[in-house]
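What follows is a short report on a single structure.
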Amino acid sequence: MTSAYQPNIPHANRDILLGAAAGIAIGLGVAQLPEGSTAHGSATWLIGLLGGMFVAALKMLMAPLLFASVAGGIRALWAQRDAGRIWQTTLLFFAFTAAVAVTLGIVAANLFQPGIGLPHDLLPVAAAAREAPDAAGFLQKLLVDSLQNPFRALTEAAVLPLIVAALLLGAAVGQQPQRFATLGRLIDELLDLALLVVGWVMRLAPIGIGALLAKLAATATAAVFGALAKFAAVVLGTTLLHGVVTLPLLVWLLAGVPPWRYFAGIRLPMLTALATSSSAATMPVTLRSADHDLRIDPAVSRFVIPLGTTVNMDGTALYEAAAALFVAQLAGIELSLAQQVIVALMAMLAAIGAPGIPSAGMVTMVMVLQSVGLPVEAIALLLPIDRLLDAVRTMVNVQGDLATSLVVERLVGRSRQRPAA
Ligand code: ASP
0 MTSAYQPNIP HANRDILLGA AAGIAIGLGV AQLPEGSTAH GSATWLIGLL
50 GGMFVAALKM LMAPLLFASV AGGIRALWAQ RDAGRIWQTT LLFFAFTAAV
100 AVTLGIVAAN LFQPGIGLPH DLLPVAAAAR EAPDAAGFLQ KLLVDSLQNP
150 FRALTEAAVL PLIVAALLLG AAVGQQPQRF ATLGRLIDEL LDLALLVVGW
200 VMRLAPIGIG ALLAKLAATA TAAVFGALAK FAAVVLGTTL LHGVVTLPLL
250 VWLLAGVPPW RYFAGIRLPM LTALATSSSA ATMPVTLRSA DHDLRIDPAV
300 SRFVIPLGTT VNMDGTALYE AAAALFVAQL AGIELSLAQQ VIVALMAMLA
350 AIGAPGIPSA GMVTMVMVLQ SVGLPVEAIA LLLPIDRLLD AVRTMVNVQG
400 DLATSLVVER LVGRSRQRPA A
């Protein structure tokens, strides 16, 4: 697990920041062009092409990278016999930060009441039938679906089954290293290879990220300034609070990494998450920054990050909790404290179940709304503003994985020497 794969890319970070700034400026410019004009059409086409290819390239690498990194990570952990502690600490920290996130979401929604005072006809069907909560069914499906033919999971890039298969493979290889020596080497080489190609793709990141942000800037702005502006502002503010204050503070207190060094280290994955709205597509970049910018022990990061990419989503949990309360306010339904606790638990579960792809949270949102009998149709109302909110919550989702890696590394006593700030 050495870093032979790393081509040094001078100025990569600076170029990506420049690309991002240029992209936003171009997007705002494109939004000014008359819709239907040739210039608008061509610019939109080109932006879509460049951004689409960049995301496709990252996604192409996701399945092999995820599989090899989890299998390799667990193999290495097993060999060193501290797998149990890393597991437990990781899951505990995932749960703790998610609980903080939903609490923030619920407190903010109660405090600012973004849904009060809006016209009731905003909601397509105000008083929908109260359906029974379906958490048990959801959990059952999640657990059964996580066991799948690994070859199918690999070709379909089904994240949860892939993780389970990789965990089993890694554990078996780690338990009998002599017997499965060739497989062990194969896993390591596959990981090195995938990371090498990630380095190549990242050379194109200034263009790819620029194009994605241009698209976002060109299309997402107008919708937000509608009736939903207050809700969007409350969610954005609270999500940013979690990302800029809570997580960095925990990292500072528990891992001893000061915010300035932490923010410098997470810059690239943050920007990629903002541009792609997908934790899964960002994962190659997240792993790369864990290695090269934050210098986290690979035995920790290669286990925590791929797992966290799908189960650890603080931003999504916060959003789903706040959105459920918003919908209740809109529909004029008063939620009791007990019902708000159910919302909080369901939001955490829904975030675990959401895959790391754009707007996945909107799909699992159904479950949260149903759990307390809120109208599911409200999703139609939330969708138009989801592009911007999704981009921001994905940043927090991704950040949570890096924060957890740092904290777990320190708590289980695996910290290596980091370079001075
Ligand atoms: N887009 C988010 C992510 O990939 C998931 C969500 O929709 O909340 O992390």
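Letter 193 of the sequence shown, counting from 1, is numbered 192 in numbering that gives the first Met the number 0, and no numbers are missing.
Note that CB positions come from ideal geometry on N, CA and C, so glycine has one too.
Small disclaimer: the values here were computed from a predicted structure and weren't measured.
Indicate whether residue i and residue j have their beta-carbon atoms separated by less than 7 Å.
{"i": "Ala107", "j": "Val233", "result": "yes"}
{"i": "Gly264", "j": "Leu240", "result": "no"}
{"i": "Ile208", "j": "Ala70", "result": "no"}
{"i": "Val371", "j": "Ile341", "result": "yes"}
{"i": "Ala316", "j": "Ala100", "result": "yes"}
{"i": "Ala346", "j": "Val367", "result": "yes"}
{"i": "Ala337", "j": "Met312", "result": "no"}
{"i": "Thr238", "j": "Val362", "result": "no"}
{"i": "Ile46", "j": "Ala213", "result": "yes"}
{"i": "Leu161", "j": "Ala152", "result": "yes"}
{"i": "Ile206", "j": "Leu49", "result": "yes"}
According to the neighbour-count rule (16 or more other Cβ atoms, all chains shown, within 10 Å of its Cβ), is residue i buried or exposed?
{"i": "Ala126", "result": "A caution first: Ala126 carries a pLDDT of 42, below 50, which makes its placement in the model unreliable, though a value can still be read off. Per the 10 Å Cβ criterion, exposed."}
{"i": "Asn396", "result": "buried"}
{"i": "Arg287", "result": "buried"}
{"i": "Ala55", "result": "exposed"}
{"i": "Asn109", "result": "exposed"}
{"i": "Ile25", "result": "buried"}
{"i": "Gly83", "result": "exposed"}
{"i": "Val124", "result": "Reliability fails at Val124, whose pLDDT of 47 lies under 50, so the model's placement of it is uncertain and the value that follows must be treated cautiously. Val124 should be labelled exposed."}
{"i": "Ser404", "result": "buried"}
{"i": "Pro247", "result": "buried"}
{"i": "Ser68", "result": "buried"}
{"i": "Ala228", "result": "exposed"}
{"i": "Val375", "result": "buried"}
{"i": "Phe66", "result": "buried"}
{"i": "Arg129", "result": "Confidence at Arg129 is low in this model, with a pLDDT of 42, below 50, so its placement is unreliable and no value can be given for it."}
{"i": "Ala97", "result": "buried"}
{"i": "Leu379", "result": "Residue identity differs from the one stated: residue 379 is Ala in this sequence, not Leu. Exposed, because fewer than 16 other Cβ atoms sit within 10 Å of the Cβ of Ala379."}
{"i": "Pro176", "result": "exposed"}
{"i": "Ala180", "result": "exposed"}
{"i": "Phe95", "result": "exposed"}
{"i": "Ala168", "result": "As written in the sequence, residue 168 is Leu, which differs from the Ala given in the question. It is buried - the Cβ of Leu168 has at least 16 other Cβ atoms within 10 Å."}
{"i": "Gln174", "result": "exposed"}
{"i": "Arg301", "result": "buried"}
Measuring only from the beta carbon, is residue i closer than 6 Å to any heavy atom that is part of the ligand ASP?
{"i": "Asp296", "result": "no"}
{"i": "Asn396", "result": "yes"}
{"i": "Asp292", "result": "no"}
{"i": "Gly173", "result": "no"}
{"i": "Asn20", "result": "Note on residue identity: the sequence assigns Ala, not Asn, to residue 20. Flag unset: Cβ of Ala20 not near the ligand ASP."}
{"i": "Asp191", "result": "no"}
{"i": "Ala421", "result": "As shown, the chain starts at 0 and ends at 420. That puts residue 421 outside it, with no answer to give."}
{"i": "Ala359", "result": "yes"}
{"i": "Ala263", "result": "no"}
{"i": "Arg392", "result": "yes"}
{"i": "Ala353", "result": "yes"}
{"i": "Asp400", "result": "no"}
{"i": "Thr315", "result": "yes"}
{"i": "Asp389", "result": "yes"}
{"i": "Ser36", "result": "no"}
{"i": "Ser276", "result": "yes"}
Report the residue from the options whose alpha carbon sits nearest the alpha carbon of residue i.
{"i": "Leu64", "options": "Met282, Gln369, Ala204 and Leu334", "result": "Met282"}
{"i": "Thr271", "options": "Ile162, Tyr261, Val284 and Arg260", "result": "Val284"}
{"i": "Ala165", "options": "Gln177, Thr181, Asn148 and Arg178", "result": "Asn148"}
{"i": "Val29", "options": "Val310, Val244, Ala210 and Ala135", "result": "Ala210"}
{"i": "Leu249", "options": "Met52, Asp14 and Val407", "result": "Val407"}
{"i": "Leu76", "options": "Leu388, Ala170, Ala98 and Leu344", "result": "Ala170"}
{"i": "Phe102", "options": "Pro383, Leu381, Ala321 and Asp400", "result": "A quick correction: the sequence has Thr, not Phe, at residue 102. Measuring from the Cα of Thr102, the nearest candidate turns out to be Ala321."}
{"i": "Ile115", "options": "Ala343, Gly331, Leu380 and Ser335", "result": "Gly331"}
{"i": "Leu348", "options": "Arg266, Leu189, Val163 and Leu138", "result": "Leu138"}
{"i": "Phe53", "options": "Ala298, Ser300 and Gly198", "result": "Gly198"}
{"i": "Gly104", "options": "Ala379, Leu388, Tyr318 and Leu189", "result": "Tyr318"}
{"i": "Ile384", "options": "Gly236, Phe230, Arg301 and Leu161", "result": "Phe230"}
{"i": "Trp86", "options": "Leu203, Val299, Pro33 and Arg13", "result": "Val299"}
{"i": "Leu235", "options": "Phe111, Ile15 and Asp400", "result": "Phe111"}
{"i": "Gln339", "options": "Leu373, Gly360, Ile73 and Gly352", "result": "Leu373"}
{"i": "Glu34", "options": "Ile295, Phe302, Asp400 and Thr218", "result": "Thr218"}
{"i": "Gly412", "options": "Pro205, Leu253, Arg266 and Asp400", "result": "Leu253"}
{"i": "Leu182", "options": "Pro205, Arg74 and Trp259", "result": "Arg74"}
{"i": "Ala289", "options": "Ala402, Val200 and Gly360", "result": "Ala402"}
Exercise for the section: Pair every Cβ in the stretch 343-361 with every Cβ in the stretch 271-278, then say whether three or more of these pairs are closer than 8 Å. Expected result: Yes, the stretch 343-361 is in contact with the stretch 271-278.
Handout entry: Stretch-stretch touch, CB-based, cutoff 8 Å, three pairs: the stretch 174-193 with the stretch 49-64
Key = Segment contact: the stretch 174-193 against the stretch 49-64, three or more CB-CB distances shorter than 8 Å; contact assigned.
Practice task
Indicate whether the contact test is met: 3 or more Cβ pairs, each with one atom in the stretch 83-97 and one in the stretch 304-313, closer than 8 Å.
Solution key: Cβ pair count under 8 Å is three or more, so yes.
Exercise for the section: Assess, as a yes-or-no matter, whether the stretch 40-52 is touched by the stretch 140-159 under the definition of 3 or more beta carbon pairs within less than 8 Å. Expected result: Judged by pairs of C-beta atoms under 8 Å, the stretch 140-159 does not touch the stretch 40-52, as fewer than three such pairs exist.
Exercise for the section: Give a yes or no on contact between the stretch 11-21 and the stretch 151-162, applying the rule of three or more CB pairs nearer than 8 Å. Expected result: Fewer than three pairs of CB atoms, one per stretch, sit closer than 8 Å, so the stretch 11-21 makes no contact with the stretch 151-162.
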